[in-house]
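Accompanying notes for the structure given below.
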Amino acid sequence: MDSVRSPEWPVAPLGGLAANSASARYGQPVGGPPTVPQPPSAPPPYRPPAASATPTADTRTGPPAAPPIPVKLLIAGGFGVGKTTTVGAISEIAPLTTEAEMTSAGIGVDDPGARSGKTTTTVAMDFGCVTIDRSLKLYLFGTPGQDRFGFMWDDLARGALGALVVVDSSRLDDCYPAIDFFERAGLPFVVGVNTFDGRLTHELGAIRWALAIGDHVPLVQFDARERLSVRDALLVVLDRALDRAVREKGA
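Each residue of the sequence shown is one higher than the last, beginning at 1 in this note's numbering.
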């Protein structure tokens, strides 16, 4: 029987490979051993880079930064003038307060004023702190305003550099004891008139005359509820304390 082949297949030469054979397609010789794939050569061992003689910015370390200088300030004044509110408005931590509910025993003794909705009273002190910059940190101590807690003021004032005397313009007589205390102690202080309901009962000039304070005592208006307003008042206290320190150093 005659063999039949496809006309598209080329005729293989004698002793050669057929063009359509597997060996021709995949390059494997007929009858030869199968090609075994060789594993890839192993990568060279890891060698850490040589240490540079000049340290980089990430590895260069400088001396540790100095801690901020602590400065103690007092927030003083009569009962219900806004001392606790002042500390709470500026403190960068949850302020420490010693508030207790007002009871009937305080009727006729503790008078917060007609414009105040105060229902608690400070029975020891308030405490808060605020960082001015990397070199200065303020520690604020709010004094109790009642006369019966006056014995604590000497201890709270020990080590303080200055004080902010908070005043209610409608009850000026309540701040007289605080002003007298700091004048006797020789501690620099600033009188801050708290603007209840955003207004003052008297002008600042009339308040200065009524309090009988000299021109060397700063008299400022601020809002105990506003952080920036409290900040500005405390900066005046710092400036007053710094001015006194410079004068004493030069003397």
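C-beta: ideal position from N, C-alpha, C; glycine also. Predicted model only: the values in this text are computed from it and were never measured.
Rounded straight-line distance, which links the Cα of residue j to that of residue i
i           : j           : result
residue 179 : residue 209 : 14 Å
residue 156 : residue 72  : 10 Å
residue 176 : residue 234 : 20 Å
residue 97  : residue 207 : 30 Å
residue 226 : residue 66  : 31 Å
residue 86  : residue 173 : 20 Å
residue 232 : residue 80  : 21 Å
residue 211 : residue 218 : 12 Å
residue 125 : residue 220 : 24 Å
residue 201 : residue 165 : 17 Å
residue 84  : residue 199 : 20 Å
residue 95  : residue 82  : 14 Å
residue 205 : residue 68  : 37 Å
Outcome for residue i when other beta-carbon atoms lying within 10 angstroms are tallied against a minimum of 16
i           : result
residue 141 : buried
residue 250 : exposed
residue 151 : exposed
residue 223 : buried
residue 192 : buried
residue 136 : exposed
residue 63  : exposed
residue 88  : buried
residue 240 : buried
residue 107 : At residue 107, the pLDDT of 49 sits below 50, so the modelled position is not reliable; the number obtained from the coordinates is stated separately. Classification for residue 107: exposed.
Per DSSP, the bridge partner or partners of residue i
i           : result
residue 76  : 165
residue 220 : 192
residue 144 : Beta-bridge pairing links residue 144 to no other residue.
residue 133 : 136
residue 126 : 142
residue 96  : 127
residue 213 : BP columns for residue 213 are empty, so no partner.
residue 71  : 138
From the options, residue whose alpha carbon lies closest to that of residue i
i           : options               : result
residue 131 : 221, 242 and 90       : 90
residue 134 : 125, 200, 70 and 236  : 70
residue 159 : 79, 85, 138 and 193   : 138
residue 93  : 194, 127, 237 and 162 : 127
residue 197 : 169, 183 and 129      : 169
residue 229 : 77, 195, 154 and 136  : 195
residue 188 : 68, 63 and 75         : 75
residue 161 : 82, 237, 68 and 77    : 237
residue 163 : 63, 68, 64 and 242    : 242
residue 181 : 201, 202, 64 and 153  : 153
residue 215 : 190, 95 and 78        : 190
residue 203 : 183, 63, 64 and 167   : 167
residue 77  : 185, 68, 171 and 240  : 171
Any C-beta of chain B under 9 Å from that of residue i
i           : result
residue 205 : In summary, chain B is missing from the structure at hand, where a single protein chain is found.
So does the stretch 240 to 247 actually touch the stretch 140 to 156, counting three or more Cβ pairs closer than 8 Å? no
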